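Here's the structure, in structure tokens; my notes come after.
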Amino acid sequence: MARLGDDLVSVVVYGSVARGSPKKDSDIDILIVADSLPESRMKRQELFLEIESPIEPILNDLWDRGFHTDFSPIILSVNEALRIRPIYLDMVEDAVILYDKDGFFSRVMDRLRGRLRELGARRIWVGDRWYWMLKPDIKFGEVVNIE
Numbered sequence: 004m005a006r007l008g009d010d011l012v013s014v015v016v017y018g019s020v021a022r023g024s025p026k027k028d029s030d031i032d033i034l035i036v037a038d039s040l041p042e043s044r045m046k047r048q049e050l051f052l053e054i055e056s057p058i059e060p061i062l063n064d065l066w067d068r069g070f071h072t073d074f075s076p077i078i079l080s081v082n083e084a085l086r087i088r089p090i091y092l093d094m095v096e097d098a099v100i101l102y103d104k105d106g107f108f109s110r111v112m113d114r115l116r117g118r119l120r121e122l123g124a125r126r127i128w129v130g131d132r133w134y135w136m137l138k139p140d141i142k143f144g145e146v147v148n149i150e
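Below, the structure is given as structure tokens:
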């Protein structure tokens, strides 16, 4: 992450790794928020490859041991990360925030938690999977906004 330097704002791990329930082939879901990112998604992926390069030997060792894991990054600018996204529902209860300059992403999660409370939303588990009941008293045709 040193490649991003002072532009790095937040690093968040989410999904099965954050919940402590990964399988041998689980990916490592990671959200990176930074200032001064390239506009192009492909350029952002290239940037991530530069960031990932120093830990590639560790990933290769894991593969040799039967853990077929890799990173699944989402890379967002600060303005993009401010907008509540559906993927944040996978982060709101279980994410592990590894780095958070000035509490930026914690505030985004707090805002989402507040909205979910207003709606009366619940996360419902079915076996080892879950879904969100965003608004239990929803009416036919009603639009639910989590923003």
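Counting from 4, one number per residue, gives the positions in the sequence shown under the numbering used here. Positions of the beta carbon are idealized from the N, C-alpha and C atoms, including for glycine. Remember, predicted model here, so these are calculated numbers, not experimental data.
Asked                                                                                         : Found
Proximity below 9 Å, CB of residue 84 to CB of residue 108                                    : yes
Touch test, the stretch 51-61 against the stretch 19-30, Cβ-Cβ under 8 Å, three pairs minimum : no
Limits of the beta strand (DSSP E) - the one that residue 36 falls within                     : 31-37
Identity of the residue in 34, 24 and 12 nearest residue 130 by Cα                            : 24
Contact under 9 Å by Cβ, residue 35 with residue 89                                           : no
Beta bridge counterpart(s) of residue 76 as assigned by DSSP                                  : 33
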